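Residue numbers (the numbering used here): -16 to 601. Where is the CB? At the ideal position from N, CA and C, for every residue including glycine. All values derive from a computational prediction rather than experimental measurement. Reading through the structure tokens given below for one structure.
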């Protein structure tokens, strides 16, 4: 097997080897050229030595000589009288020219240098390069030589039609890639006849397709073209065909890349390509400057998000992308947050899709992100404005309702005070004072409820402690017993002995339970029952308050937690209700990260269930 993977020859060198193997008059040189050709074909030193029945050291020596001086170095030093010396000298020059041409950075520079170097070092009077045009039957000038031996730029000339329809067929039919004509008119770049003489055409191939011609003539010195001239011209044509084809492809690819780069760099979205290790392979300019704050793509290529953002954020992106590589499922329109090095937060609407090769194998990803930071900020501002308007509206409604609820007891108090001043009967005065006292308590309750709702609306952190709910519920039952007895309502408790503690604020939880029980008492007719139960469910504690009261209609169930809403306004006012009891209950539940549900049927009573998190041991 091949033991020297870095040993390779260029296309032009390969052409020289092929010529030498078939045409050299030196058997030893033909053998050495074939050995180098085999090494290029991935034959090992030992395998090549066995083919020629030679020691491996000999093959290594030939390889070393080739690396030092090419084909000429493989030949034994000929004398100046040796007829083979001129061709070897020109072969050496051809190899050197080919190496120089590979260093040209553009197609036009390659063509110019091919004409200039070929004339100067391969001993031709004039050279010209022509390439087939897109239109059949036409070709275009590239660079040529004028009658004085100067290189001429003929790229701007219009296409010139073939002088005869059979000319191309004539060249192709020879099978030798070259044709020689004598006593032919010789032309300038503009197509004018400037003399007569010998003319040779060598075909330029890109492998399988004809792409143009290399032309040589004897206009200046009138020296007939010799067989060596033709062989060198043919080899030069073979080398130039490969070089020109590759350079044209590279130029086209570069042009396409530059066009793609220009499109990417003028795209307002962020576009990037990553490999399977989430390393950046391609990034557009806006992504470089606006997102990562670097000045050049080179500062990002080959790097990952870990080089530009926090470890946690980079890990999140990496895990997400690796999952996409594993499943093949694209990430579509996902909002991503990015914290820049200056602390500024950016929000992107990002789509990432797998990048696949021609066989369908995933080889990376293409990402497109749109900066929606300003949009999100505008949305947040609009939302804040809407919330502010809602708060103002709620405040206005609160003030209106409070004003209304304050006016009623104040009016009653004012009326009874007026009557007291005019009554002489002590019993009647005492009755009026009781009315005043009830309305005063009603005012006090309204103020307390309003203040509590205001506190629940605040975002201040409340300190939670372990609360014994069963003990708290027994205290509520004690506090409301007189009220229940006055309305002939029976309070029943169903409290398990081993109930875990609840994490919460004891005063607020007392208010929660008291409001539920008081509400049940208010809406239960005389002779009814109010059941209060507790139970552990998983990591939660359930509180249940069930009554045998009048129930709640279906159209009212969705509104009972609204502030100042009264399902039965007559009963509520009669009982002194403010319409804030159930909103307070809901606020306390939410503050404790719990949940609440209601089941009710008109005429059969209601059941309120509250779930609160258990106190977790620290």
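* Over what stretch of residues does the beta strand (DSSP E) that includes residue 518 continue unbroken? -> 512 to 520
* **Among 288, 234, 228, the one whose alpha carbon lies nearest that of residue 255** => Nearest option by C-alpha distance: 288.
* Asked: If you compare alpha carbons, which of 292, 24, 29, 18 is closest to residue 45?
  -> Ranking the options by Cα distance to residue 45, first place goes to 18.
* Measuring CB to CB, does residue 199 end up less than 7 Å from residue 107? -> yes
* Grab the span of the beta strand (DSSP E) containing residue 182 for me, first residue to last. => 176 to 188
* Asked: residue 48 and residue 57 look like a contact to me (Cβ under 8 Å); what is the Cβ gap, rounded to whole Å?
  -> 6 Å
* Is the region 22 to 35 close to the region 77 to 93, with three or more CB pairs under 8 Å? -> Taking 8 Å as the limit for Cβ pairs, the verdict is that the region 77 to 93 does not touch the region 22 to 35.
* To do: Reducing DSSP to helix, strand and coil, say where residue 220 ends up.
  => helix
* Quickly, what does DSSP pair residue 594 with across the bridge? List them, please. => 525, 578
* For residue -8, which residues from the same chain have a beta carbon less than 6 Å from its beta carbon, with the 5 sequence-adjacent residues on both sides left out? -> 23
* Asked: In the structure shown, what three-state DSSP assignment does residue 135 receive?
  -> In the three-state DSSP reduction, residue 135 falls in the strand class (E or B).
* Short check: CB of residue 217 to CB of residue 245, under 7 Å? -> No, Cβ-Cβ distance for residue 217 and residue 245 is not below 7 Å.
* To do: Just mark residue 496 as buried or exposed, buried being the case when its beta carbon has 16 or more other beta carbons within 10 Å.
  => buried
* Same chain, Cβ closer than 6 Å to residue 474, neighbours up to 5 away in sequence not counted -> Within the same chain, residue 474 has close Cβ partners 460, 467, 513.
* Just the C-alpha distance for residue 180 and residue 206, rounded to the nearest angstrom, thanks. => 9 Å
* Asked: Which value, in whole angstroms, describes the spacing of the CA atoms of residue 529 and residue 569?
  -> When rounded, the separation of the alpha-carbon atoms in residue 529 and residue 569 is 17 Å.
* Cβ neighbours of residue 509 in the same chain (closer than 8 Å, five flanking residues each side left out) -> 470, 471, 472
* **Backbone CA spacing between residue 235 and residue 222 [nearest angstrom]** => Straight-line Cα distance between these residues: approximately 20 Å.
* Asked: Rounded to the nearest angstrom, how far is the Cβ of residue 125 from that of residue 110, given a contact under 8 Å?
  -> Rounded, the Cβ-Cβ distance is 11 Å, inconsistent with contact.
* Rounded to a whole number of angstroms, what is the C-alpha to C-alpha distance between residue 301 and residue 41? -> 55 Å
* **Euclidean distance between Cα positions of residue 0 and residue 232** => 25 Å
* Asked: Taking Cβ positions, are residue 579 and residue 515 nearer each other than 7 Å?
  -> no
* **Own chain, CB closer than 7 Å to residue 340, minus 5 neighbours either side, in chain order** => Cβ-Cβ distances below 7 Å link residue 340 to 346 in the same chain, with the five nearest sequence neighbours on each side left out; the list follows chain order.
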